[in-house]
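Visitor: Encoded as structure tokens, here's the structure I'll be asking about.
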């Protein structure tokens, strides 16, 4: 399952293996919308990623963007439960990211290509990919599972995947501008802190699975030690306010909150029914800490940290 909070934090979209997207009210946990059409109900292919689109750059209002293992990219109008546009890519589409303003978005998946789209027209603006020379490594050479824009830029973004690199890109360029060697990204496990310009990477491995990097120098700052209970192979991670981070995965089915200064575990969700393939953090306010959504097996857990964690 994949999950994503709406910008207001009032709704949580959950993508299912059946191809249906369920939208829940965060306040009471009730399912308020179910997003499916003939194509998704007959293909039975999983939802792979979700993100909300602001109506500022879309004439049809606030939409949910969903990607599917069959290569579909669907624009859902949530309140009417209607698919207003479908794009079809010739691959498994595994991840999606939207620019900070919402004016354009990216998709990636089972090929080495990253597609850049204009949100309003849904036209493909660019294809980011490696050059033909394998010596340059100016792009990915395998599946891509992670994409995220720099929070302060409409053009700069990073990506990660099976080839053990994090690539640095500009939406207008064909090849990557730089890279980090090391992280083995198998999910939504890239995040950038706009205040410190630090990257958090999660890797699907037992050791050195959670690491912090400097965005500008592309140098590793530190590796987060494993918890005393053991280590999960990370599928998803996020910065959590100014002082914490959160990471979760499989093998040891655990989700933990980590203090950014001491690198010690401050909170932990253990003995989950399955691996955690997705998590998300809602926006916090001056009155309340963020809500955390964690997917495991057939369940979605909503958590609110007991300690207020503000940006």
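In the numbering used here, the protein residues as written are 1 to 311.
Glycine included, every Cβ here is placed at the ideal spot set by N, Cα and C.
Note that the structure is predicted; figures quoted are calculated from it, not measured.
1. Return the first residue and the last residue of the beta strand (DSSP E) that residue 77 is part of.
2. Could you check if residue 211 is buried or exposed, using at least 16 other CB atoms within 10 Å of its CB as the buried criterion?
3. Ignore the nearest five residues each way along the sequence and tell me which others in residue 238's own chain have a CB closer than 6 angstroms to its CB.
4. Using 8 angstroms as the threshold, is the C-beta distance between residue 48 and residue 33 below it?
5. What span of residues does the beta strand (DSSP E) with residue 198 cover, start to end?
6. Once you ignore the five residues that flank residue 268 on each side, which residues in its own chain have a CB closer than 8 angstroms to its CB?
7. At which residue ranges does the stretch 117-142 contain complete beta strand (DSSP E) runs of 3 or more residues, listed in the order of the chain?
8. Express the C-alpha separation of residue 102 and residue 171 in angstroms, rounding to a whole number.
9. For residue 88, does the three-state DSSP call read helix, strand or coil?
10. Which partner residues of residue 233 appear in the DSSP bridge assignment?
11. Assign residue 141 to buried or exposed, taking buried as 16 or more other Cβ atoms, counted over all protein chains shown, within 10 Å of its Cβ.
12. If you check the beta carbons only, do residue 9 and residue 291 fall under 8 angstroms apart?
13. In angstroms with no decimal places, state the Cα-to-Cα distance between residue 27 and residue 11.
14. Please report the straight-line C-alpha distance between residue 169 and residue 193, rounded to a whole angstrom.
15. Between residue 157 and the ligand NAD, is there a pair consisting of the residue's CB and a ligand heavy atom that are separated by less than 7 angstroms?
16. Helix, strand or coil for residue 223, going by three-state DSSP, please let me know.
17. Indicate the three-state DSSP secondary structure (helix, strand or coil) for residue 298 in the structure shown.
18. Taking the CB atoms as reference points, tell me whether residue 64 and residue 108 lie closer together than 8 angstroms.
19. Which value, in whole angstroms, describes the spacing of the CA atoms of residue 311 and residue 136?
20. Can you give me the Cβ contacts of residue 70 inside the same chain, cut-off strictly under 6 angstroms, excluding the 5 residues immediately before and after it?
21. Report all residues from its chain with a CB closer than 8 angstroms to the CB of residue 283; omit the five preceding and five following residues, and keep chain order.
22. The alpha helix (DSSP H) that contains residue 6, what's its start and end?
23. Check each candidate in 106, 183, 158 and 76 and name the one with the smallest Cα separation from residue 164.
24. What's the gap between the Cα of residue 161 and the Cα of residue 110?
25. Just to confirm before moving on: does the CB-CB distance between residue 66 and residue 50 stay below 8 angstroms?
26. Reducing DSSP to helix, strand and coil, say where residue 111 ends up.
27. Of the residues 189, 18, 130 and 105, which one's Cα is nearest the Cα of residue 155?
28. Between which residues of its own chain and residue 178 is the CB-CB distance below 8 angstroms, once the five residues before and five after are set aside?
Guide: Put simply:
1. Locating residue 77 in the chain shown gives position 77, counting from the first residue. Unbroken beta strand (DSSP E) run through residue 77: 72-77.
2. Position 211 of the chain shown, counted from the first residue, corresponds to residue 211. Counting Cβ neighbours within 10 Å, residue 211 comes out buried, since at least 16 surround it.
3. Stepping through the chain shown from its first residue, residue 238 is reached at position 238. Here the set comprises 191, 246 and 281.
4. Residue 48 sits at position 48 when you count from the first residue of the chain shown. Residue 33 sits at position 33 when you count from the first residue of the chain shown. Contact: no.
5. Start at 1 with the first residue of the chain shown, and residue 198 comes out as number 198. First-last of the beta strand (DSSP E) with residue 198: 198-202.
6. Within the chain shown, residue 268 is the residue found at index 268, counting from 1. Cβ neighbours of residue 268 beyond the five flanking positions: 227, 229, 254, 255, 256 and 257.
7. 124-128
8. Here residue 171 corresponds to residue number 171 of the chain shown, with the count starting at 1. Here residue 102 corresponds to residue number 102 of the chain shown, with the count starting at 1. Each residue's alpha carbon lies about 14 angstroms from the other.
9. Translated into positions along the chain shown, residue 88 becomes position 88. Reduced to three states, the DSSP call for residue 88 is strand.
10. Taking the first residue of the chain shown as 1, we reach residue 233 at position 233. 250.
11. In the chain shown, counting from the first residue as 1, residue 141 sits at position 141. Classification of residue 141: exposed, given that the 10 Å Cβ count is below 16.
12. Along the chain shown, read from residue 1 onward, the residue named residue 9 stands at position 9. Along the chain shown, read from residue 1 onward, the residue named residue 291 stands at position 291. Yes. Within cutoff.
13. In the chain shown, counting from the first residue as 1, residue 27 sits at position 27. In the chain shown, counting from the first residue as 1, residue 11 sits at position 11. Those two C-alpha atoms are separated by around 8 angstroms.
14. Mapped onto the chain shown, residue 169 falls at position 169. Mapped onto the chain shown, residue 193 falls at position 193. About 17 angstroms.
15. The ligand NAD is absent from the structure shown, which contains no ligands of any kind.
16. As a position in the chain shown, residue 223 is number 223, starting the count at 1. Note: residue 223 maps to strand in three-state DSSP.
17. Along the chain shown, read from residue 1 onward, the residue named residue 298 stands at position 298. Three-state DSSP puts residue 298 in coil, outside helix and strand.
18. By one-based count along the chain shown, residue 64 stands at place 64. By one-based count along the chain shown, residue 108 stands at place 108. Not in contact: residue 64 and residue 108 (Cβ atoms no closer than 8 angstroms).
19. Counted from its first residue, the chain shown places residue 311 at position 311. Counted from its first residue, the chain shown places residue 136 at position 136. Legend: pLDDT at residue 311 = 47, less than 50; position of this residue unreliable, value from coordinates given subsequently. Taking the straight line from one Cα to the other gives about 38 angstroms.
20. Stepping through the chain shown from its first residue, residue 70 is reached at position 70. Only 43 and 45 meet the Cβ criterion.
21. Translated into the one-based positions of the chain shown, residue 283 becomes position 283. Once the five neighbours on either side are set aside, the close Cβ partners of residue 283 are 5, 7, 8, 9 and 290.
22. The residue you call residue 6 lines up with position 6 of the chain shown. Note, residue 6: premise wrong, no alpha helix (DSSP H); not H, not E.
23. Here residue 164 is taken as the residue at index 164 of the chain shown, counted from 1. The candidate whose alpha carbon is nearest that of residue 164 is 183.
24. The count along the chain shown starts at 1 and reaches residue 161 at position 161. The count along the chain shown starts at 1 and reaches residue 110 at position 110. C-alpha separation (whole angstroms): 10 angstroms.
25. Translated into positions along the chain shown, residue 66 becomes position 66. Translated into positions along the chain shown, residue 50 becomes position 50. A contact, by the Cβ cut-off of 8 angstroms.
26. Taking the chain shown and counting its residues from 1, the one referred to as residue 111 is at position 111. Residue 111 falls in the coil class under three-state DSSP.
27. Translated into positions along the chain shown, residue 155 becomes position 155. Closest option to residue 155, Cα to Cα, is 105.
28. Start at 1 with the first residue of the chain shown, and residue 178 comes out as number 178. Excluding residues within five positions, the ones whose Cβ falls inside 8 angstroms are 167, 168 and 218.
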